[in-house]
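> One structure coming up, written as structure tokens, with questions to follow.
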Amino acid sequence: TAKATFDEDLYGGEEESTSRITEEYNLESLQLEIIGQEFHLLAKSADMDKQNLRTTIVDIRQDSIIKPYIKKLVRIERVAEVRAFTGFSRIDSSKTEIQADLDGGLDWVPGVKVFGEGIFFQIDPEKLELWKQENALELSNRLKAVRFAYNHHPLGERLKSSSEPDFVLLHTLSHIFISQLAFEAGYSANALRERIYAFPEVSGYGILVYTAESDSEGSLGGLQELGKIDKFEKIFIKSINSSSWCSNDPVCRESEGVGVQALNRAACHACSLLPETTCVYNNTLLDRVLLTGNANDNKERVKGFFSDLI
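Numbered according to our numbering, the sequence shown spans residues 1448 to 1757.
If you want it as structure tokens, here you go:
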């Protein structure tokens, strides 16, 4: 099962296993299940010190300006990521995937295990749910075109993506936050990666920003150091403020369908897009208006989730 696979990798011994997995897996459903397990593991209320995961929970001061929005903040001092090359497609991603083993004679695929570090923060679910309820009509109108494009695009349920407001909000916040990290800390954006956790069925919302590179940029401790409350708060507030304006405004803010298959609203290279190696969703399902709101007095007028911070 996915649970057994996840636990074996997390708690496994130092010795690398040489056994080969012969059971057939539905890789997409396995990955979706593991993403859910990742969220519940990171959202635990205790520090962890395992072979492949070492975390420290950060105390958010009661008087912190971000306290109403962030339920939990975790510094990830060590995290392992395994990347396996199972196949590829050409031109059209909806076509049948070409297997990595062209001859079909191998029972393994090439892969690599790398270690890195990161920051995980969980958005307060009650505040997010209330925001969705109070702005239900406006959000529905705002994302109507995106939802239509999403339902007719092969991106589908890839990696638990969604055209719902909660996922678009979290994904946009992740991109804005990574851009600010790169600007403030000197990290190159293509050295960082993201994981979006949006589980409305269990009121679970979180973002993991991590680096897992084989070079020094992935393991010197610089990223998790930024997870300390004073530094994190400063970068977080700056990222929210920067999302309220784009050098391409008003064109960017008033866009009605841009990017791959018109799956974005207010998002462009000047404000929200990241290198393709950073975003597994192909820079889609982004709209910074959901962060800080839209001043236009029309049916799409949306109160941004972080409007009170700017």
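Cβ atoms here follow ideal geometry from the backbone N, Cα and C, with glycine treated the same way.
All of these numbers come straight from a predicted model, not from anything done at the bench.
Leaving aside the five residues before and after THR1469 along the sequence, list all residues of the same chain whose C-beta is less than 8 Å from its C-beta, in chain order.
Your numbering for residue 1469 matches position 22 in the sequence shown. Legend: pLDDT at THR1469 = 48, less than 50; position of this residue unreliable, no value from coordinates given.
> Please determine, among ARG1537, ILE1517, ILE1545, ASN1499, the residue with the shortest C-alpha to C-alpha distance to GLU1528.
Numbered from its first residue, the sequence shown carries residue 1528 at position 81. The shortest Cα separation from GLU1528 among ARG1537, ILE1517, ILE1545, ASN1499 belongs to ASN1499.
> Should ARG1508 go down as buried or exposed, given a rule of 16 or more other Cβ atoms within 10 Å for buried?
Locating residue 1508 in the sequence shown gives position 61, where the first residue counts as 1. With fewer than 16 Cβ atoms within 10 Å of its Cβ, ARG1508 is classed as exposed.
> Excluding sequence positions up to five away, which residues of its chain have a Cβ less than 6 Å from the Cβ of GLN1771?
The first residue shown for the chain is 1448 and the last is 1757, placing residue 1771 beyond what the model contains.
> Starting from ILE1643, follow its DSSP beta bridges and name the residues at the other end.
Counted from its first residue, the sequence shown places residue 1643 at position 196. ILE1643 is bridged to ILE1654.
> Rounded to whole angstroms, how far is the Cβ of PHE1486 from the Cβ of ILE1523, which I believe are closer than 8 Å?
Taking the first residue of the sequence shown as position 1, residue 1486 is located at position 39. Taking the first residue of the sequence shown as position 1, residue 1523 is located at position 76. PHE1486 to ILE1523, Cβ: 13 Å. No contact.
> Taking Cβ positions, are VAL1707 and CYS1715 nearer each other than 8 Å?
Numbered from 1 along the sequence shown, position 260 holds the residue referred to as residue 1707. Numbered from 1 along the sequence shown, position 268 holds the residue referred to as residue 1715. In this structure, CYS1715 does not lie closer than 8 Å to VAL1707 by Cβ.
> Does DSSP put LYS1746 in a helix, in a strand, or in coil?
As a first step, residue 1746 is located in the sequence shown; it is residue number 299 there, counting from the start. For LYS1746, the predicted structure reports a pLDDT of 49, less than 50, and the residue's modelled location is therefore unreliable. A value from the coordinates is still provided. Note: LYS1746 maps to coil in three-state DSSP.
> How would you call GLU1641, buried or exposed, if buried means at least 16 neighbouring beta carbons within 10 angstroms?
In the sequence shown, residue 1641 corresponds to position 194, counting from 1. Counting Cβ neighbours within 10 Å, GLU1641 comes out buried, since at least 16 surround it.
> When the Cα atoms are used, what is the spatial distance from THR1533 to ILE1643?
Residue numbering aside, residue 1533 sits at position 86 when the sequence shown is read from its first letter. Residue numbering aside, residue 1643 sits at position 196 when the sequence shown is read from its first letter. In a straight line, the C-alpha of THR1533 is about 22 Å away from that of ILE1643.
> Under a three-way DSSP split, which group does ASN1499 fall into?
On the sequence shown, position 52 is the one that residue 1499 refers to. Correct three-state label for ASN1499: coil.
> In the DSSP assignment, what are the bridge partners of ILE1504?
Here residue 1504 corresponds to residue number 57 of the sequence shown, with the count starting at 1. Looking at the DSSP output, ILE1504 sits in a beta bridge with VAL1521.
> In the DSSP assignment, find the alpha helix (DSSP H) that holds ILE1623 and state where it starts and stops.
For this step, residue 1623 is matched to residue 176 along the sequence shown. It spans 1612-1632 - the alpha helix (DSSP H) in which ILE1623 sits, taken as one unbroken run.
> Which residues in the same chain as SER1691 place their Cβ atom closer than 6 Å to its Cβ, once the five residues preceding and following it in sequence are excluded?
Residue 1691 sits at position 244 when you count from the first residue of the sequence shown. The residues are THR1739, ILE1757.
> ARG1564 by DSSP, collapsed to three states: which one?
Residue numbering aside, residue 1564 sits at position 117 when the sequence shown is read from its first letter. Correcting the residue identity first, residue 1564 is Glu in this sequence and not Arg. Strand.
> Can you tell me the Cα-Cα spacing of SER1626 and SER1587, whole angstroms?
Translated into positions along the sequence shown, residue 1626 becomes position 179. Translated into positions along the sequence shown, residue 1587 becomes position 140. Those two C-alpha atoms are separated by around 27 Å.
> Less than 8 Å between the beta carbons of GLU1564 and THR1503, yes or no?
To locate residue 1564, count along the sequence shown from 1; it is residue 117. To locate residue 1503, count along the sequence shown from 1; it is residue 56. In this structure, THR1503 does not lie closer than 8 Å to GLU1564 by Cβ.
> What would DSSP say about VAL1707, mapped onto helix, strand or coil?
Counted from its first residue, the sequence shown places residue 1707 at position 260. Secondary structure at VAL1707: helix, using DSSP grouped into helix, strand and coil.
> Quick check: what's the CA-CA separation for LEU1655 versus ASP1550?
Residue mapping note: residue 1655 aligns to position 208 of the sequence shown, counting from 1. Residue mapping note: residue 1550 aligns to position 103 of the sequence shown, counting from 1. Cα to Cα, the separation comes out at about 38 Å.
> Quick one, are the C-beta atoms of ARG1501 and ILE1623 less than 8 Å apart?
Here the question's residue 1501 lines up with position 54 in the sequence shown. Here the question's residue 1623 lines up with position 176 in the sequence shown. In this structure, ILE1623 does not lie closer than 8 Å to ARG1501 by Cβ.
> Which value, in whole angstroms, describes the spacing of the CA atoms of ASP1755 and GLU1701?
Against the sequence shown, residue 1755 aligns to sequence position 308. Against the sequence shown, residue 1701 aligns to sequence position 254. In a straight line, the C-alpha of ASP1755 is about 21 Å away from that of GLU1701.
> Could you tell me the distance, in whole angstroms, from the CA atom of SER1608 to the CA atom of GLY1483?
Taking the first residue of the sequence shown as 1, we reach residue 1608 at position 161. Taking the first residue of the sequence shown as 1, we reach residue 1483 at position 36. The alpha-carbon atoms of SER1608 and GLY1483 are separated by roughly 12 Å.
> Can you name, in chain order, every residue of its own chain whose Cβ lies under 6 Å from the Cβ of PRO1612, other than the five neighbours on each side?
One-based indexing of the sequence shown puts residue 1612 at position 165. Within the same chain, PRO1612 has close Cβ partners LYS1579, LEU1586.
> For the alpha helix (DSSP H) containing LYS1678, list its first residue and its last residue.
Reading the sequence shown from its first residue, position 231 is the one you call residue 1678. 1676-1690 is the span of the alpha helix (DSSP H), which, as asked, contains LYS1678.
> Is the CB-CB distance between ILE1513 and PHE1683 below 8 Å?
As a first step, residue 1513 is located in the sequence shown; it is residue number 66 there, counting from the start. As a first step, residue 1683 is located in the sequence shown; it is residue number 236 there, counting from the start. Cβ atoms of ILE1513 and PHE1683: closer than 8 Å.
> Give every residue of the same chain whose Cβ lies closer than 7 Å to the Cβ of VAL1559, excluding the five residues on either side of it in the sequence, and list them in chain order.
As a working note, residue 1559 is residue 112 in the sequence shown. Cβ-Cβ distances below 7 Å link VAL1559 to ARG1530 in the same chain, with the five nearest sequence neighbours on each side left out; the list follows chain order.
> With distances taken from CA atoms, which of TYR1597, LEU1628, SER1536 is nearest LEU1673?
Translated into the one-based positions of the sequence shown, residue 1673 becomes position 226. When each option's Cα is compared against that of LEU1673, the closest is LEU1628.
> So, using beta-carbon positions, are LEU1732 and SER1719 closer together than 8 Å?
In the sequence shown, residue 1732 corresponds to position 285, counting from 1. In the sequence shown, residue 1719 corresponds to position 272, counting from 1. For LEU1732 and SER1719, no; Cβs fall outside 8 Å.
> Alpha carbon to alpha carbon, how far is GLU1462 from VAL1727?
Counting from one through the sequence shown, the residue named residue 1462 turns up at place 15. Counting from one through the sequence shown, the residue named residue 1727 turns up at place 280. With a pLDDT of only 49 at GLU1462, under 50, the local geometry of the prediction cannot be trusted, and the value read off the model is given with reservation. Spanning the two alpha carbons is a distance of roughly 30 Å.
> Could you check what DSSP says for GLY1558 in three-state terms: helix, strand or coil?
Translated into positions along the sequence shown, residue 1558 becomes position 111. Of the three classes helix, strand and coil, the one that applies to GLY1558 here is strand, per DSSP.
> Looking at chain B, is there any beta carbon in it that lies within less than 8 Å of the beta carbon of HIS1618?
Absent here is chain B; the protein component of the structure consists of one chain.
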